[in-house]
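The next block holds one structure in the form of structure tokens; read it before the comments.
Laid out in structure tokens, this is it:
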């Protein structure tokens, strides 16, 4: 394998054809592992080696089961299944054998629940690498992330003798919904990292630019609340029911009224509500899907606590059983200046990069959970944005990005390793 | 004292001048006791002899204190104060010394919080016996009830040798708001009664008619809920508050949504809501005054339980302390046929009565609490309506009733005693 | 064709195999029409001859389209399609050519959305006439109703020369959800009827009994409310959205708080609520499925008006567009004494009937809409219950009824015609 | 009159004795006018010369009437009453007769609804100048503001020949609740001002410091909503009522759920809610007192519009009449750099001032309404804080401030005039 655009494009297009949604990236994980194995210098960690089951967020067994069945149909290398157990994703560990720092890099691998456009001008259609998995598409660019991760692994393999310390390449499942990072962080697999780096391709930045220090990552928690009531005939005996739908409606009105936090931005949204079985039956089942956000973790925690308190109060007031489930989370994070400066220097050395831009992120990304974990253990972290022209917005059916930037991505990561471990 | 209309009118007008609100009928109780004492054949019970403090409903100490101060100004006979202790009302017990049945009669003695009209054509103004206690008025006719009770006592005194068994005449405080009966019932003072009778003057019936068997007494519970929160500046730190006003508003929306009972009529009304200290402060205090009703005790109990559950759920959801207080209660009651027939017979023997009418009460009266207590102990009970023309609706400032019917009232009660104990 | 149990059972079992849900009874309607045509003495009315499109309730085009496709697969006689147009159901008119009264009979023809049990002891399984349409089943006995209607038509054909006046046999679509009657009533097709009769098989009555005069038909209106908002990102720009989910939740809390009606029983239930597209998007679509009921039409109308008022207020308060749709309705109805007496007499002449029972219906049936229409035009109406043993409750997968009662049903209807038109 | 601390202290203590609440500062206005008249160089504008009645906020006629009666008792100079008409406050206009700039200065004159402490160590008690108007107290320091205004007027009178252009000294009523400024701004009386200055004494700053450029003035609107329903007996005929209390409770739950604004800080608080007449009556009257705030006028306007929309929607949904009243308002304002620099220079020239501090105001002040009006007409504006030690927090019964700073205040304003008009 040569580390060139042709190889990177090949990888990207292969992964683009087989998009898999969060926690069901079985084919994807196996394929990554196949390539890593070929490189010959990585220990490959999987399953509970890298996942703490207690912190797994937003994983639906039915989705996973269907994903696994599909992965087998797509011809995954089933030898990895034992090692994975229930969980997708892997961590490739390179140990130089020499003393030195430990650097953790993180690439997310899941797709989005979107059906790819059939527009014949869409390049994946033209070139024949569109999604074969209807309803799913790599329309957020994580196929590019996997590729940059593999490219960086290839660079390590080719430069293994010049490096000191260790590198841990995290191929993370389930970034969409900010679900996957918490379980990897809690496994402790990167607790020994001195440096952490991750990035997103495209986003708001065009080809030729890098945003080395995006500001305003929002803390967020994604929560499901479910109420379970007692049915009764709405005409004959309404007093015998415990009304889950009515409970849920009142919960919504209370949740949206959580007091604003005086110290900074807070958010609440119940985005989905499904309740009830029939017009003439007191409803027994209701589900709310909601999220809170905060300018920082303190504010986000305040919002989360209020949600939990309201969920419980409603359950008591209406005599309905309930559960709450945290199905996703991300935190705020500030990049460390040392790494920002390094990324800026390296980026500006790339012929394709002509400017370093400023940007307020104002959204959430669960790489922050891993970055903050490293910072909390005394390390330094960065999350940057790698500019790339795109044909449509992220998560849209027409999304595609400028593949030329894949090589820039690999160059920045390998540049970082050279400076930190060279 | 002669048992004639002149005496009865004298009494009624005296009590009309000194109206006292529920639980503060100190002047009234003392005056009743003075008259009973003069009759020479009654044991007079007061205070905790007739009141179980645990079941005292809707008594506000500040109102009581002000009432007592007024009563002294009005020249009450203060010798009764020791016996009363904290509680107004009294029970006059006549014991014939001969074996026989026990009959309990009940007359309520409190006034309404209404300011009497200054219309010069209003008879109390014309004849100079209008309320001297501004803001309070006997505009429900309880001055007439007291009078009929005293008239019946006078009849007993005059006929003491002809009677067997015992009579217990209950002068009950705080009927308005259905507050006083529960504590008297719970004291056990009429648990030995074989018969119980009570009545209301006027109501929906004109002079010349008696409603011997009004139907549809509603069970009701009157409840106050108070929430206590934590203040915070609404601009600077809204998240530090626990919002009692917001809690109360949500409580109202939940309370009015309590499911209808499939087996019969139910009611809920939050009639008063007061909350908040200032526009720019997260509110710390809120009070709801509400009532529930039911076609029967079972339905009313269902409504009450739902209220209590909601009150608690809200407290938890909003992190506010709370209390609930039952400030009044009445139950449904069915008159016993034996007494209905007796009252009809006696009534039709009165020259002033020309018809027995039918009526659905569809409201609440706490005499039912006493009546049901007697029924539950194996006795029989009746509540009837004594027709009397009126000048305005009950509780209105222009209310007055036909005093000629006072003698009819005494005749019905004395007729009952003659038939049951003669 | 002989009018005997063998013929009736044959019909019932044929219709049982091909259950079709409300407004999609294409196969069923065509098959009924085929049989009626063979009898040779009926004019067959269909489509807008019997349906006023403005009053069609609860018809979903997608369900109809699928139903029609299935009906073709089942081999319906497609010659009727033109006449039907968009609407199922038919009315068979018999005109004796002699002066006389007009009698309207009504039989409902739709099935229930239930999958029939696979229990081998279930007779339709044993005898091989179970539903071939998965997810749908005649588990309310309307297959029996169709059969009795056809049997009565056969009797008319056999007795055509002895009859005077007219008979109109209404085969009504979409009774489930009380959806179909309003459109037929509004077409005016039975406005000239002097008598109206309809019935339900089994229900609460066993073989051998008839309930000639069930009481307490509840008025009901089934309503859908849909809110249409404006999306916005819940993190970045919540203020730009118009939140349909939040509007819907507040609507629910207001709807359940509609004041009880002082004059009698009222009901409200929002039984289904679906809202929202994603956790992090201000929701744009919400649907509420609800019903109100009342002891009589006045109370039901009060409830309906309150619902409409609340739906509108919410739309204004939240800046969301909305629509309301009445998807079903039934009214209260009192049977006319003349017909009750006739049915009782005729029923007791049947060897299989041993008693006439009393019953409070306490539910809703849209035959009342047709019966009240006839009454409002000066005619007389009856709805009765024809007892029949059943193996499980109506709408359950194990439901089956005693086919022996089909002949009793035909005998009662033909008896009525003999008495009224003979 | 000498312009010295003795004169200033005399004035401050005189005004401290006669505190008057917003819109009822009759004694105060007359007394200010008396002093201004004596100075001989001011035209005194009053009533509708300076007040646009359409923009008068939060004025209660009963409070005004009582205030006027009191003012007469306190011996106000009643000759000013005609000129005042219904409105308190005055503007003193000094015209040098020479061409030049126009400078507007603003001093607020109302007190707070607080009863002054009786602590004998409280200096107003010790020195005998405590409030004689129970329930009211200058506990926000506006007595000091009046004094600085009069001192500045005295300085103008003494330096009248050296000045060019014009000075307009605004003595504004009703700052508490941010009620008075809107009507003065809307009168246009300071539309010709090139410069505007106002200040607060003490607040968060101690003696010796000046905050020349406080940041983060919040826009705010104070709103009352009143609902008027229809009474009905809660037991007998709840359906006949239109429930104002229930409407108000639902309004609260909707108001607190107004979506956060994505562009910056927003606030909502319903601080007071009073509703209902009695437990057993469907409530007919309800009042909500609330405020919204925004980081800027755009956000505050968004909040206000949402409130108005919700108020209307509720009125329609519940069939209750309603009104909304804007009872107060303030806007955000940025000080102009030229004036900030001037105030800093002048302040640091005062022997008593040793530092210029920075501060985020994070609250609302209606001087901003006047300042923004001047800015919108092309002028420049400043609002600064004059440090002064205090004995307790503003609005507390024990509040008092360091009178020595009054002379500093006058010096800053006269310094400004010297620099701008000298």
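Protein chains in written order, with my numbering: chain A, 18 to 439; chain B, 18 to 439; chain C, 18 to 439; chain D, 18 to 439.
The C-beta atom is built at its ideal place from N, Cα and C for all residues, glycine as well.
Item                                                                                                                                      : Value
In chain order, each beta strand (DSSP E) run of at least 3 residues that lies wholly inside the stretch 128-191 of chain A               : 183-189
Three-way DSSP call (helix, strand, coil) for residue 427(A) in this model                                                                : helix
Supposed contact pair residue 124(B) and residue 441(B) - C-beta distance, whole angstroms, cut 8 Å                                       : This structure does not reach residue 441(B), given that chain B is present from 18 up to 439, and the question cannot be answered.
8 Å Cβ cutoff, residue 306(D) in contact with chain B                                                                                     : yes
Residue-level contact to chain A via CB, residue 232(D), 8 Å cutoff                                                                       : no
Short CB-CB distance (under 8 Å) between residue 327(C) and chain D                                                                       : yes
is_contact[residue 256(D), chain A] using C-beta, thresh 8 Å                                                                              : no
Three-way DSSP call (helix, strand, coil) for residue 111(C) in this model                                                                : strand
Simplified DSSP assignment, three categories, for residue 416(C)                                                                          : coil
8 Å Cβ cutoff, residue 331(C) in contact with chain D                                                                                     : yes
Residues of the stretch 376-392 of chain C with Cβ closer than 8 Å to any Cβ of chain A, in chain order                                   : 379, 380 and 381
Contacts that residue 283(D) makes with chain A (C-beta to C-beta distance below 9 Å)                                                     : 277
Reduced DSSP secondary structure (H/G/I, E/B, other) of residue 452(D)                                                                    : This structure cannot settle anything about residue 452(D), because the visible part of chain D is limited to 18 through 439.
Helix, strand or coil at residue 41(C) according to DSSP, with G and I counted as helix                                                   : coil
Amino acids of chain A, ordered along the chain, whose beta-carbon sits closer than 8 Å to that of residue 440(B)                         : Only positions 18 to 439 of chain B appear in this structure, which leaves residue 440(B) out of reach.
Nearest to residue 232(C) (by Cα), restricted to the options 408(C), 385(C) and 338(C)                                                    : 385(C)
Beta-carbon gap between residue 287(D) and residue 269(D) smaller than 8 Å                                                                : yes
Proximity test, Cβ basis, 8 Å: residue 310(A) and chain C                                                                                 : yes
Within-8 Å CB hit, residue 339(D) to chain C                                                                                              : no
Given residue 25(C) as reference, the closest of 432(C), 427(C) and 407(C) once Cα atoms are compared                                     : 427(C)
Residue nearest to residue 106(B) in terms of C-alpha spacing, selected from 197(B), 229(B) and 374(B)                                    : 197(B)
Contacts around residue 394(A), its chain only, beta-carbon distance under 6 Å, and the 5 residues preceding and following it disregarded : 208
Whether residue 131(D) touches residue 113(D) by CB criterion (8 Å)                                                                       : no
Chain A within 8 Å of residue 270(C), Cβ atoms only                                                                                       : yes
Reduced DSSP category for residue 99(B) - H, G, I as helix; E, B as strand; rest coil                                                     : helix
Residues bridged to residue 204(C) (per DSSP)                                                                                             : In DSSP, residue 204(C) forms no bridge with anything.
Where the beta strand (DSSP E) through residue 63(D) begins and ends                                                                      : 60-63
Inter-residue Cα distance where the pair is residue 182(B) and residue 234(B)                                                             : 30 Å
Status (buried if at least 16 other CB within 10 Å, exposed otherwise) for residue 64(A)                                                  : buried
Residue 37(A) versus residue 76(A): straight-line alpha-carbon distance, rounded                                                          : 13 Å
Alpha carbon of residue 153(A) to alpha carbon of residue 59(C), nearest angstrom                                                         : 58 Å
Cβ distance (whole Å) where residue 229(C) is taken to contact residue 361(C) below 8 Å                                                   : 5 Å
Buried or exposed (CB count within 10 angstroms, at least 16 for buried), residue 151(D)                                                  : exposed
Buried versus exposed, by CB contacts within 10 Å (16 or more), residue 169(A)                                                            : buried
Near the ligand COA: residue 263(C) beta-carbon under 7 Å from a heavy atom                                                               : Within the structure as shown, the ligand COA is missing, as the structure has no ligands at all.
Cβ of residue 244(B) within 8 Å of any chain A Cβ                                                                                         : no
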